[in-house]
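Undergrad:
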Amino acid sequence: MEPYFLWEKKGKRYFQLPPGWHVLRNLAIRCEEPTQSLDEMLEGSLTHPMGTPPLREMVKAGDRVLFLVDDLTRPTPKKQILTFLVHHLETAGIRPEQMRVLFALGTHRPLSESEVEEALGKEFMGKIPFSQHDPRSENLVPIGRLRTGAEVRIHPFVLEADFRIGIGSIVPHPFAGFGGGPKIIMPGVANYDAIREHHMTYLINPESRSGRLDDNPCFEEILQVARKANLNFLVNTVYNGREEIKAVVSGDFEKAHRHGAALTLREIEVRIDQEADVTITSAFPYDEGPQIIKPLGPAVAMTRKGGTVILLASLRSGKLPELFLKAFDRVFELSKGDPGSLVCRHVEERRALVPEVSMDFNCALGHTLLYLTRVRVILVSRDIRREEAFRLGFGHAASLEEAMERVSRDQPRAQVNIVPAAGLIIPIS
């Protein structure tokens, strides 16, 4: 069997290195195997939550319960968790008509009807009403201000509910430290202007980085907003290096989230002693639009300036939206050959690079421009065409072998890092 592999949705993609290439690190991450089913994890976590009484004891019989859930850019098994929670609350005397689901989209696009059905299931959709957050709605309600003075407004359903449960996944985040936890409120159900102000403030702040919660000003401000919104309870999934759920953390949203982040960090933090000429990695598990950019952060961090990142990527939809590509066209035109200065200028002025698209996308744009000042990126994908990769600022190859052969012409003795899924690790030096 060939000695190296990258993770994909369908399993492992095996490959061999060119002769003469030397491996510095092969980060086949150790994986803590799940020992229970998801339902068993949920039952144990809800019965013995962190920092709160059991969920059944917290919710009163007449309470209106709001489930805040993330979108399809996160791997959260929403249908299974929501089905379990509804049954759990029904045994505590909460009727389905007292419950509602709100997709906490932040500035992400709305889910299509088929995607909502995928997330919730037909039976659930017929039982519990659902809505999707619109960050530009005029009906959002003020709850305070950011440190910069920007007003924070949130979805009215959050304030109208008697009990709010956040549901999500704890995964690395480029500048908030980790996803999940209080991010279900900010940016999940916040207004566009506050999200833009917040994200552009911390986009390149050295204290706001992946894997760091303590003394992270980006995360601290997210916590403050979630407290003002009175997020009552958290249910978050924790993953191993193969995106298998290894734990569920529940209870107080800060305590449970920090505990889940510590469990995650224990498995995915890796020490990098030397930067490589070439880093070979996969975008797994990210397969939605700008999300495929996220693994570039860890990959670039372990690659020397002037080196190459080879990124294997696939798309759930099978194609990149034209809006995505046009946004890259626009920022490259605006940068006039100096993308780093363009990003710094917009960060200083807290302006979105492309206001028409999500802030998540704007952050991906900004980070990509900065990555390309340091390394060359070759995208290996059958879903993304060569001309589309070029519009992203990347090279393109139809296979890993083609990408490696091209790089080896210039670097026949390259030192290499192999990372099966860079989006699921946090490199430290």
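Residue numbers (the working numbering): 8 to 436.
Cβ atoms here follow ideal geometry from the backbone N, Cα and C, with glycine treated the same way.
Model, not experiment: these values are computed from the prediction.
Using the beta-carbon count (16 or more within 10 Å), is L92 buried or exposed?
TA: Buried, because 16 or more other Cβ atoms sit within 10 Å of the Cβ of L92.
Undergrad: Name the one or two DSSP bridge partners that T83 has.
TA: T83 pairs with nothing; no bridge assigned.
Undergrad: So T375 is in the alpha helix (DSSP H); what residue range does that whole segment cover?
TA: It spans M366 to Y378 - the alpha helix (DSSP H) in which T375 sits, taken as one unbroken run.
Undergrad: Buried or exposed: where does N212 fall if 16 or more other Cβ atoms within 10 Å of its Cβ makes it buried?
TA: Exposed: under 16 other Cβ atoms inside 10 Å.
Undergrad: Residues in its own chain within less than 6 Å of K85 by CB, not counting five upstream and five downstream?
TA: These residues qualify, in order along the chain: V76 and A126.
Undergrad: For A290 versus G402, is the C-beta distance shorter than 8 Å?
TA: No, they are not a contact pair.
Undergrad: What does the alpha-carbon distance come out to for the pair K235 and Q281?
TA: Going by the C-alpha atoms only, they are around 44 Å apart.
Undergrad: Use the C-beta contact count for S176: other C-beta atoms within 10 angstroms, 16 or more gives buried, fewer gives exposed.
TA: Burial call: buried.
Undergrad: Please classify S289: does DSSP put it in a helix, a strand, or coil?
TA: The answer is strand: DSSP assigns S289 an E or B state.
Undergrad: Look up S121 in the DSSP assignment and say whether it is helix, strand or coil.
TA: Reduced to three states, the DSSP call for S121 is helix.
Undergrad: Is the beta carbon of C370 less than 8 Å from the beta carbon of H264?
TA: It is not a contact, given that the beta carbons lie outside the stated cut-off.
Undergrad: For E204, count the other beta carbons within 10 Å of its own beta carbon; 16 or more makes it buried, fewer makes it exposed. Which is it?
TA: Flag for E204 reads buried.
Undergrad: Do S217 and P179 have their C-beta atoms closer together than 8 Å?
TA: Contact flag set, yes.
Undergrad: Run through DSSP, which three-state label would P460 get?
TA: A question about residue 460 goes unanswered here, because the residues of the chain that appear run from 8 up to 436.
Undergrad: Which residues bound the beta strand (DSSP E) around E276?
TA: Start and end: E276 to R278.
Undergrad: What are the boundary residues of the beta strand (DSSP E) that includes F164?
TA: Not the beta strand (DSSP E): F164 falls in the alpha helix (DSSP H), residues P163 to E167.
Undergrad: Taking its Cβ as the centre, do 16 or more other Cβ atoms sit within 10 Å of G100, making it buried, or is it exposed?
TA: Counting Cβ neighbours within 10 Å, G100 comes out exposed, since fewer than 16 surround it.
Undergrad: Consult DSSP for L127 and reduce its assignment to one of helix, strand or coil.
TA: Reduced to three states, the DSSP call for L127 is helix.
Undergrad: Whose C-alpha, out of S138, E251, F260 and E167, is nearest the C-alpha of M193?
TA: Of the listed residues, the one whose Cα sits closest to M193 is F260.
Undergrad: Could you tell me the boundaries of the alpha helix (DSSP H) in which S176 lies?
TA: Not the alpha helix (DSSP H): S176 falls in the beta strand (DSSP E), residues F170 to I177.
Undergrad: Quick one: Cα of E395 to Cα of K253, how far?
TA: Rounded to the nearest angstrom, the two C-alpha atoms are 37 Å apart.
Undergrad: Leaving aside the five residues before and after P41 along the sequence, list all residues of the same chain whose C-beta is less than 7 Å from its C-beta, in chain order.
TA: Counting only Cβ-Cβ distances below 7 Å, and skipping sequence neighbours, we find E251, I252 and K253.
Undergrad: Report the rounded CA-to-CA distance for S415 versus A421, giving the unit in angstroms.
TA: If you take the alpha carbons of S415 and A421, they lie about 7 Å apart.
Undergrad: Counting pairs of beta carbons, one from the stretch 186-201 and one from the stretch 98-114, are three or more of them closer than 8 Å?
TA: These segments touch.
Undergrad: With a CB to CB cut of under 7 Å and the five nearest residues on each side skipped, what residues in its chain are close to L53?
TA: Same-chain partners within the cutoff: P61, L62, H95 and S257.
Undergrad: Could you pull out every unbroken alpha helix (DSSP H) segment of at least 4 residues lying fully inside the stretch 20-92, listed in chain order?
TA: Fully enclosed alpha helix (DSSP H) runs of 4 or longer: 45-54 and 62-65.
Undergrad: Helix, strand or coil: which one does DSSP assign to G218?
TA: G218: coil per DSSP, three-state reduction.
Undergrad: Using 8 Å as the Cβ pair cut-off and three pairs as the minimum, do the stretch 347-367 and the stretch 304-323 touch?
TA: The answer is no - the stretch 304-323 does not touch the stretch 347-367, with fewer than three Cβ pairs under 8 Å.
Undergrad: Is the Cβ-Cβ distance between K262 and G58 less than 8 Å?
TA: Contact flag set, yes.
Undergrad: Please list the terminal residues of the continuous alpha helix (DSSP H) segment that includes G347.
TA: Start and end: P346 to E356.
Undergrad: Assign S388 to one of two classes, buried (16 or more other C-beta atoms within 10 Å of its C-beta) or exposed (fewer than that).
TA: The residue is buried, with at least 16 neighbouring Cβ atoms inside 10 Å.
Undergrad: Report back the beta-carbon spacing between W28 and A428 to the nearest angstrom; my notes put them in contact at under 8 Å.
TA: Wrong, their Cβ atoms sit about 20 Å apart, outside the cutoff.
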